[in-house]
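K.L.:
In the order they appear, the protein sequences are chains F and S.
For the first sequence, this note's numbering assigns the number 1 to the initial residue and increments by one for each residue that follows.
For the second sequence, this note's numbering assigns the number 1 to the initial residue and increments by one for each residue that follows.
We treat Cβ as the ideally placed atom computed from N, Cα and C, and that holds for glycine.
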Amino acid sequence: MSYQIKLEAFEGPLDLLLHLIKKNEVNIYDIPISLITHQYLEYIELMKEFNLEIAGEFLLMAATLTYIKSRMLLPQEEKAGVDELEEDDPRAELIRKLLEYKSFKEVADELGKREEIWRDIFYQGHEPAPAAAADVTEEDKEELMIEVGIFELIDAFRDVLDRLPDKKTLDIIPEELTVRGRMTAIIERLETEGINGLTLYELLDNDSTKRSIVVTFLALLELAKMRVIRLLQVEDRETIRVFKAESEEKAEGI
Amino acid sequence: MEDVEIKIILEALLFVSGEPLSVERVKNVLEDIDRGKMRNLLWDLQHEYEMRPSGLRIAEVAGGFQLITRPELAVWIKKLKKVKQSTRLSKPSLETLAIVAYKQPIVKSEIEDIRGVDSSGVLKGLLDKHLIKIIGRKDVPGKPILYSTTKEFLQYFGLRDIADLPTLKEFSDLTVEEGGDTSIVEHEEDAPVILPLEPTNP
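1. Label F:Pro75 either buried or exposed according to how many other C-beta atoms from any shown protein chain fall within 10 Å of its C-beta, with 16 as the threshold for buried.
2. Taking a Cβ distance cut-off of 7 Å, strictly less, list which residues of the segment 56–73 of chain S are near chain F, in chain order.
3. Since F:Thr64 contacts F:Leu99 with CB under 8 Å, what's their CB separation in whole angstroms?
4. Measuring CB atoms only, is the segment 213–232 of chain F touching the segment 182–198 of chain F, in the sense that at least three cross pairs come out at less than 8 Å?
5. Would the segment 43–50 of chain S and the segment 86–98 of chain S be scored as touching if the rule is three or more Cβ pairs under 8 Å?
6. I'd like to check one pair, S:Val100 with S:Leu126: are the Cβ atoms closer than 9 Å?
7. Could you tell me the distance, in whole angstroms, from the CA atom of F:Thr178 to the CA atom of S:Glu60?
8. Which residue's Cα is closest to the Cα of S:Ile114: F:Gly194, F:Leu111, F:Lys102?
9. Below 9 Å between beta carbons is the criterion; list the residues of the segment 211–245 of chain F that meet it against any residue of chain S, in chain order.
10. Can you tell me whether F:Glu191 is buried or exposed? The criterion is at least 16 other CB atoms within 10 Å of its CB, across all chains shown.
11. Tell me which residues of the segment 109–134 of chain S have at least one Cβ-Cβ distance to chain F shorter than 8 Å, keeping chain order.
12. Run through chain S and tell me which residues come within less than 9 Å of F:Gly112, C-beta to C-beta.
13. Quick check on S:Arg35: does DSSP put it in helix, strand or coil?
14. With a threshold of 9 Å between beta carbons, is S:Gly158 in contact with chain F?
15. Could you round the C-beta distance between F:Ile54 and F:Ile68 to whole angstroms and report it? I think they count as a contact, below 8 Å.
16. Label S:Val26 either buried or exposed according to how many other C-beta atoms from any shown protein chain fall within 10 Å of its C-beta, with 16 as the threshold for buried.
17. Could you list which residues in chain F have their beta carbon closer than 9 Å to that of S:Ser54, in chain order?
18. Considering only the alpha carbon of each residue, which of F:Asp205, F:Arg211, F:Ile150, F:Phe157 lies closest to F:Lys225?
19. Using DSSP with H/G/I as helix, E/B as strand and the rest coil, what is F:Ala129?
20. If you measure between the beta carbons of S:Leu168 and F:Phe104, is that distance less than 9 Å?
21. What is the residue span of the beta strand (DSSP E) that F:Ile229 lies within?
22. Whole angstroms are fine: how far does the CA of F:Asp30 sit from the CA of F:Arg119?
23. For chain F, is any of its Cβ atoms less than 9 Å away from the one on S:Pro166?
24. Counting only C-beta atoms, is F:Ser70 closer than 9 Å to chain S at any point?
25. Considering only the alpha carbon of each residue, which of F:Lys210, F:Gln124, F:Glu115, F:Arg71 lies closest to S:Gly158?
26. Here's the rule: buried if 16 or more other CB atoms are within 10 angstroms of the residue's CB, otherwise exposed. What is S:Asp139?
27. Along the segment 116–127 of chain F, what residues have a CB closer than 8 Å to any CB found in chain A?
28. Evaluate the contact criterion for the segment 66–74 of chain S versus the segment 127–146 of chain S: three or more CB pairs, one atom per stretch, below 8 Å.
29. Under a three-way DSSP split, which group does F:Thr64 fall into?
30. DSSP three-state label for S:Glu134, please.
31. Rounded to a whole number of angstroms, what is the C-alpha to C-alpha distance between S:Leu10 and S:Pro166?
32. If you follow the alpha helix (DSSP H) that S:Glu95 is in, where does it begin and where does it stop?
33. Determine which residues share a DSSP beta bridge with F:Lys244 and list them.
34. Is there a C-beta anywhere in chain F that falls below 9 Å from the one on S:Tyr102?
35. So is S:Phe15 buried or exposed if we call it buried at 16+ other beta carbons inside 10 Å?
36. Indicate whether at least one CB of chain S lies closer than 9 Å to the CB of F:Met61.
Structure representation (structure tokens):
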């Protein structure tokens, strides 16, 4: 399969780390580095499997984590006079970076909320909002929904893959199994039966092979990137639902 | 001139002004009235608009005052003007904007250092949308480009000035020892800050 999606357009290694920290409900000031490193590397493997082009930054972070982990394993050097271990915590720099990044993400969320309000405000000389360039429209009926990040999506697909029966079948793959074809199929299904969105499982119910699941995953990513669909979930770790983005005409005819 | 008269003039000026009307610009028109009084009268007017049933209100954005519509009327306005619903900024764009806003002037490598990812594409997009601008080059080897946010940025998010941004939480704690002062524009006076629209915080 020669189909690749560039991940960095979505989120970066720090996002992945924050995702893992949140998912494991661990203390950011005291990161269990061994556990997090292990899971981080697992994600990279999974991304490879999903044919995501892994940006250099992800690999650099993997190296950094491994390095920190190895330093944590070493017995503490007995430095004469220095009783403060905090200074020597090999995680310190990473934690500082994560906290800094996290606080900027919080501000970004705040800006997102303001943007939401100010999209609905008009004034003299009002021109289409600067972000209007792409001309994509969407109607937000699902106020309780939150947008799904790439790592939540990977999690969901990992669950599906894990549930696949582990039987060794011969992979006889019909030629028509392409990402492009799957993209069309998804849109068609959303148009006919997906007025209120479809869950991932509903979309996947005909997929029985690992490869076809991977193709669906890539198709969804590509559609999300093109903003043809939206991926939403009610709350963290709830089932992910796929919606078709509202068309312009519909939005205008309120 | 009576206060009422001045307020009537101010209202007319606000109506015709195509951009946020700064006290300085009003001062060029109404020369005899001092700035402090002008500001107070504008706040009065703002208050009056809030008090009466009206489709309009006065917001303090991007260093000036502006007549704006109430957000709940958007449905009707869009019907009249056939406005296309604009796309929202992506998460990476919002993140990058937040970083530029707090750390400006800032070079690309500093932004990437914080975000941990290449940010060239995002920066270009933000430049195209006039939410950030190039304000020069940093005097270090390579002379990297310095970015800052624009007036359109303030207007887009309905911010009075950069100091209107929420304070960085943990991060501000961490940088105390550096004496990092993130505020770039200072409030001119200790006046009651009436935010145009506070996002409702749970």
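P.N.:
According to the structure shown:
1. Position 75 of the first sequence, counted from the first residue, corresponds to residue 75 of chain F. Counting Cβ neighbours within 10 Å, F:Pro75 comes out exposed, since fewer than 16 surround it.
2. Gln66, Leu67, Ile68, Thr69, Pro71
3. Within the first sequence, the letter at position 64 stands for residue 64 of chain F. Within the first sequence, the letter at position 99 stands for residue 99 of chain F. Wrong, their Cβ atoms sit about 16 Å apart, outside the cutoff.
4. yes
5. no
6. Position 126 of the second sequence, counted from the first residue, corresponds to residue 126 of chain S. Position 100 of the second sequence, counted from the first residue, corresponds to residue 100 of chain S. Against a cut-off of 9 Å, the Cβ pair of S:Val100 and S:Leu126 comes out as a contact.
7. In the first sequence, the residue the question calls residue 178 of chain F occupies position 178. In the second sequence, the residue the question calls residue 60 of chain S occupies position 60. Rounded to the nearest angstrom, the two C-alpha atoms are 53 Å apart.
8. Residue numbering aside, residue 114 of chain S sits at position 114 when the second sequence is read from its first letter. Checked all of F:Gly194, F:Leu111, F:Lys102; the closest Cα to S:Ile114 is F:Lys102.
9. Arg227
10. As a position in the first sequence, residue 191 of chain F is number 191, starting the count at 1. It counts as exposed.
11. Ile114, Arg115, Gly116, Val117, Asp118, Gly121, Asp128, Lys129, His130, Leu131
12. Indexing the first sequence from 1 puts residue 112 of chain F at position 112. Within 9 Å Cβ-Cβ: Arg88, Leu89, Lys91, Leu94.
13. The sequence position of residue 35 of chain S within the second sequence is 35, counting from 1. Correct three-state label for S:Arg35: helix.
14. For the purposes of this step, residue 158 of chain S is identified with residue 158 of the second sequence, where counting begins at 1. So yes, S:Gly158 belongs to the interface.
15. Along the first sequence, one-based indexing puts residue 54 of chain F at 54. Along the first sequence, one-based indexing puts residue 68 of chain F at 68. So it is not a contact: roughly 20 Å between Cβ atoms.
16. For the purposes of this step, residue 26 of chain S is taken as the residue at position 26 of the second sequence. S:Val26 comes out buried.
17. Counting from one through the second sequence, the residue named residue 54 of chain S turns up at place 54. Those do not exist, as S:Ser54 stays about 14 Å from chain F at its closest Cβ, beyond 9 Å.
18. Here residue 225 of chain F refers to the residue found at position 225 of the first sequence. If we check each option's Cα against that of F:Lys225, F:Ile150 comes out closest.
19. For the purposes of this step, residue 129 of chain F is taken as residue 129 along the first sequence, with counting starting at 1. Low local confidence applies: a pLDDT of 48 at F:Ala129 is under 50, so the model's placement there is unreliable, and no value is given.
20. On the second sequence, residue 168 of chain S is found 168 positions in, with the first residue counted as 1. On the first sequence, residue 104 of chain F is found 104 positions in, with the first residue counted as 1. Contact flag set, yes.
21. Counted from its first residue, the first sequence places residue 229 of chain F at position 229. Its beta strand (DSSP E) spans residues 229–233.
22. Start at 1 with the first residue of the first sequence, and residue 119 of chain F comes out as number 119. Start at 1 with the first residue of the first sequence, and residue 30 of chain F comes out as number 30. Those two C-alpha atoms are separated by around 40 Å.
23. Residue numbering aside, residue 166 of chain S sits at position 166 when the second sequence is read from its first letter. Closer than 9 Å to some Cβ of chain F, the Cβ of S:Pro166 qualifies, so yes.
24. Taking the first sequence and counting its residues from 1, one reaches residue 70 of chain F at position 70. Not an interface residue.
25. Position 158 of the second sequence holds residue 158 of chain S. Ranking F:Lys210, F:Gln124, F:Glu115, F:Arg71 by Cα distance to S:Gly158 puts F:Glu115 first.
26. As a first step, residue 139 of chain S must be located in the second sequence, where it is residue number 139. Exposed, because fewer than 16 other Cβ atoms sit within 10 Å of the Cβ of S:Asp139.
27. Although the question refers to chain A, the structure presented lacks it and instead comprises the protein chains F and S.
28. no
29. Along the first sequence, one-based indexing puts residue 64 of chain F at 64. F:Thr64 falls in the helix class under three-state DSSP.
30. As a first step, residue 134 of chain S is located in the second sequence; it is residue number 134 there, counting from the start. The question names Glu, but residue 134 of chain S in the sequence shown is Ile. S:Ile134 falls in the strand class under three-state DSSP.
31. Looking up residue 10 of chain S in the second sequence gives position 10. Looking up residue 166 of chain S in the second sequence gives position 166. For S:Leu10 and S:Pro166, the distance between alpha carbons rounds to 30 Å.
32. The residue given as residue 95 of chain S occupies position 95 in the second sequence. Start and end: 91–103.
33. Residue mapping note: residue 244 of chain F aligns to position 244 of the first sequence, counting from 1. DSSP lists F:Ile229 as partners of F:Lys244.
34. By one-based count along the second sequence, residue 102 of chain S stands at place 102. Yes, contact with chain F.
35. As a first step, residue 15 of chain S must be located in the second sequence, where it is residue number 15. It is exposed - the Cβ of S:Phe15 has fewer than 16 other Cβ atoms within 10 Å.
36. The residue given as residue 61 of chain F occupies position 61 in the first sequence. By this cut-off, F:Met61 is an interface position.
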